[in-house]
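Colleague: In this note's numbering, the protein residues as written are 1257 to 1622.
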Ligand code: SAM
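1. In this structure, what does DSSP give as the bridge partners for residue 1487?
2. Can you tell me where the alpha helix (DSSP H) holding residue 1510 begins and where it ends?
3. With three or more beta-carbon pairs closer than 8 Å as the criterion, would you say the region 1382-1401 touches the region 1573-1584?
4. Going by the CB atoms, is the gap between residue 1588 and residue 1229 shorter than 9 Å?
5. Whether or not the region 1499-1507 and the region 1298-1316 are in contact is what I'm after, with contact meaning three or more pairs of Cβ atoms, one per stretch, closer than 8 Å; do they touch?
6. If you drop the 5 nearest sequence neighbours on each side, which residues of the same chain put their C-beta closer than 6 Å to that of residue 1397?
7. Give every residue of the same chain whose Cβ lies closer than 7 Å to the Cβ of residue 1306, excluding the five residues on either side of it in the sequence, and list them in chain order.
8. For residue 1435, which residues from the same chain have a beta carbon less than 7 Å from its beta carbon, with the 5 sequence-adjacent residues on both sides left out?
9. Beta-carbon separation of residue 1300 and residue 1544 under 9 Å?
10. Does at least one heavy atom of the ligand SAM sit under 8 Å from the Cβ of residue 1488?
11. If you drop the 5 nearest sequence neighbours on each side, which residues of the same chain put their C-beta closer than 7 Å to that of residue 1338?
12. Measure the Cβ-Cβ separation of residue 1642 and residue 1600 and say whether it is below 9 Å.
13. Taking Cβ to Cβ, would you say residue 1293 is nearer than 9 Å to residue 1429?
14. Starting from residue 1376, follow the beta strand (DSSP E) in both directions and report where the run begins and ends.
15. Taking only runs of the alpha helix (DSSP H) that begin and end inside the region 1427-1458, which ones reach a length of at least 4 residues, in chain order?
16. Could you check what DSSP says for residue 1463 in three-state terms: helix, strand or coil?
17. Buried or exposed for residue 1367, please, with buried defined as at least 16 other CB atoms from any protein chain shown within 10 angstroms of its CB.
18. Tell me which residue opens and which closes the beta strand (DSSP E) that residue 1289 is part of.
19. Can you give the Cα-Cα distance for residue 1197 and residue 1280, rounded to whole angstroms?
20. Taking a contact to mean a Cβ-Cβ separation below 9 Å, would you say residue 1516 touches residue 1272 in this structure?
21. Give the DSSP-derived three-state secondary structure of residue 1393 in the structure shown.
22. Roughly how many angstroms lie between the CA atoms of residue 1620 and residue 1335, to the nearest whole one?
23. What residue from 1412, 1266, 1383 has the CA that sits closest to residue 1343's CA?
24. Check the C-beta distance from residue 1402 over to residue 1373 and give it rounded, since I have them as a contact under 8 Å.
25. Round the Cβ separation of residue 1525 and residue 1475 to the nearest angstrom and send it over; I've been treating them as touching at under 8 Å.
26. Should residue 1438 and residue 1419 be called a contact, given that it needs their Cβ atoms to be closer than 9 Å?
27. For residue 1411, tell me which candidate among 1431, 1329, 1387 has the shortest Cα-Cα distance.
28. Taking residue 1557 as part of the alpha helix (DSSP H), name the residues at either end of that continuous run.
29. Identify, in the order they occur along the chain, each residue of the same chain with its Cβ nearer than 6 Å to the Cβ of residue 1404, setting aside the five sequence neighbours on each side.
30. Enumerate, from N- to C-terminal direction, the unbroken beta strand (DSSP E) stretches of 3 or more residues contained entirely within the region 1318-1373.
31. By the DSSP assignment, the beta strand (DSSP E) with residue 1414 in it spans what residues?
32. Can you tell me which of the three DSSP states residue 1594 falls into?
33. Helix, strand or coil, according to DSSP, for residue 1574 in the structure here?
34. Identify which residue in 1265, 1350, 1416, 1341 has its Cα closest to the Cα of residue 1452.
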């Protein structure tokens, strides 16, 4: 394969075949990798501009019913202090964040049945009524009726990482969750009208480069509005303790390829990449990313949302984190967006029914 031609194709259309994706994922010379990352940065500049979107992340609960083998807040982990933020505290915090000028709040938690559909709908409605912020939810797999209720209450976006697009690997990582069900949730969310975020980990135990190509093909075909890509980081109180963390360069290649195949999706420089590499967020912003998510969870809770150890900014004051975020953006010569950063995708995406009937999903990019 000719790298010059392939790089041109990445910039011009991003319509990559599986073989081309595999070839690019396997690049290992520093100069070649730099060319790929630059191509992604060029696509980002052309399709998304220079503004970096800021999302205020609030981790409302670390209680989780699931047993995902990699995650530090998995239900069987007894060495963790569990917390739940009361609804009033969440709504009040959203108001403070809005006063600071933040225009999007992302509420994330483990899969916590305490937050019933009604409780979440009430929180969403109160935040929307009092702030008009864009509201993103990240509460895992829930019944379709819950997703619908929250949308009607005012939620705009839903993040549900697919984790891995390889069915066999998915089954090995998730003893109590089903690949098809997760995919159905993603399609249902889109059907209901959410801006939908997918995403995956890089370097998870058992994952091959072939499996990573599955993720890029999934991004190419599903065309998510957002995609979170971060390295796997081992947690000592999980069955995967002692495994190596995902590789920084491979994570950057995955971010770059996600940018190239989705064209204009919103791609965060994830906390995980900032946690394993000193300049991880800046490097991701230079490889196609265009979103940062400073953590505004109150510190008394934040230290317990330990999905992996040594999470970036786990101990700093949120104000410091915000400053750090702004400095990171300056370091990449970009500017901070002053709008809510809604999806740039056209709303003509295909539904699950179309794919089940075998109709190929067109690349909706550009
Ligand atoms: N429960 C929700 C869900 O299932 O989507 C959201 C919370 S979950 C803790 C958020 C994300 O953290 C997951 O989608 C996963 O990709 C990531 N994560 C969990 N453990 C991790 C680890 N050890 N290293 C890197 N990322 C991890």
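Using N, Cα and C, we set each Cβ at its ideal position, and we do this for glycine too. Fair warning: this is a prediction, and the values are worked out from it, not measured in the lab.
Modeller: Judging by the given coordinates:
1. According to DSSP, residue 1487 bridges with 1458.
2. From DSSP, the alpha helix (DSSP H) with residue 1510 extends over 1504-1518.
3. By the C-beta criterion, the region 1382-1401 is judged not to be in contact with the region 1573-1584, since fewer than 3 inter-stretch pairs fall below 8 Å.
4. Since the first and last residues shown for the chain are 1257 and 1622, residue 1229 lies out of range.
5. Contact between the region 1298-1316 and the region 1499-1507 is absent, because fewer than three Cβ pairs lie under 8 Å.
6. Excluding residues up to 5 positions away in sequence, 1441 lie with their Cβ nearer than 6 Å to the Cβ of residue 1397 in the same chain.
7. Answer for residue 1306: 1590, 1591, listed in chain order.
8. Only 1423, 1426, 1427 meet the Cβ criterion.
9. Taking 9 Å as the Cβ cut-off, residue 1300 and residue 1544 qualify as a contacting pair.
10. Yes, the beta carbon of residue 1488 sits closer than 8 Å to at least one heavy atom of the ligand SAM.
11. Within the same chain, residue 1338 has close Cβ partners 1318, 1319.
12. No statement about residue 1642 is possible, as the shown extent of the chain runs from 1257 to 1622 and does not include it.
13. No, the Cβ-Cβ distance between residue 1293 and residue 1429 is not below 9 Å.
14. No beta strand (DSSP E) contains residue 1376, which is instead part of the alpha helix (DSSP H) from 1373-1387.
15. Listed in chain order, the complete alpha helix (DSSP H) runs (minimum 4 residues) inside the region 1427-1458 are 1435-1448.
16. Of the three classes helix, strand and coil, the one that applies to residue 1463 here is coil, per DSSP.
17. Of the residues assessed, residue 1367 falls on the buried side of the cut-off, its CB having 16 or more other CB atoms within 10 angstroms.
18. Per DSSP, residue 1289 belongs to no beta strand (DSSP E); it is in the alpha helix (DSSP H), 1286-1304.
19. Absent from the model: residue 1197. The displayed extent of the chain is 1257 to 1622, so no value can be given.
20. Contact: yes.
21. In the displayed model, residue 1393 falls within a strand according to three-state DSSP.
22. Any reading at residue 1620 is ruled out, since the residue's pLDDT is 29, under 50, leaving its predicted position unreliable.
23. With distances taken between CA atoms, residue 1343 lies nearest to 1383 out of 1412, 1266, 1383.
24. Yes, they are in contact, since the Cβ atoms of residue 1402 and residue 1373 sit about 4 Å apart, within 8 Å.
25. At roughly 17 Å, the Cβ-Cβ gap does not stay under 8 Å, so residue 1525 and residue 1475 are not in contact.
26. It is a contact, given that the beta carbons lie within the stated cut-off.
27. Selected option, being the one with the closest Cα: 1387.
28. Run containing residue 1557: 1555-1558, per the alpha helix (DSSP H) assignment.
29. Closer than 6 Å at Cβ, skipping near neighbours: 1448.
30. DSSP assignment within the region 1318-1373 yields the following whole beta strand (DSSP E) runs of 3 residues or more, N-terminal first: 1360-1365.
31. Counting along the chain, the beta strand (DSSP E) containing residue 1414 begins and ends at 1413-1415.
32. If DSSP states are grouped into helix, strand and coil, residue 1594 belongs with coil.
33. Helix.
34. Selected option, being the one with the closest Cα: 1416.
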